[in-house]
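Note that our numbering gives residue 66 to position 32 of the sequence shown, counting from 1, and the numbers run on in steps of one. Yeah, the Cβ is synthetic: ideal placement off N, Cα and C, and Gly gets one too.
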Amino acid sequence: MVNEQLQQINATLKEVIDPHMGVNILDMGMVKRVEATVDNGIYVGLVLPCIGCPALELMMADIRKRVGALDGVEKVKVKVEWGHQWDRTHITEEARERAARHGYVI
């Protein structure tokens, strides 16, 4: 994957909002992996701050829609990487402040 394409994907992932926190999934540290696949696809691996997130399917559909709309992307696979844990050290300071405005202290 070319650096420019990764930048486009990351910018697009910043548009995907975790509706409970009011923070985008990239700044929340929920994006574990972004990889190009051999079939002009993009794989996005997620880690979740909480198991059983009721908004998971909504966020996954939003990722598929937004990343799939990028030039050259023919398919998008989004998967939760259950073998990895979300870690609060990956959340940005801006995301912490935004989450706090929604009543969450991280």
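- For the 8 Å CB-CB criterion, Val-65 and Leu-47 form a contact.
- In terms of Cβ geometry, Leu-90 and Trp-120 do not form a close pair [threshold 8 Å].
- The beta-carbon separation of Val-110 and Val-78, rounded to 7 Å, stays under the 8 Å limit for a contact.
- The C-alpha of Ile-85 lies about 18 Å from the C-alpha of Val-57.
- Following the DSSP letters along the chain, one finds Arg-100 inside the alpha helix (DSSP H) bounded by residues 90-102.
- Judged by their CB atoms, His-136 and Met-55 are nearer to each other than the 8 Å cut-off.
- At a Cβ-Cβ threshold of 8 Å, Ile-51 and Leu-104 do not count as neighbours.
- When DSSP reads this structure, Ile-51 sits in a beta bridge with Asn-58.
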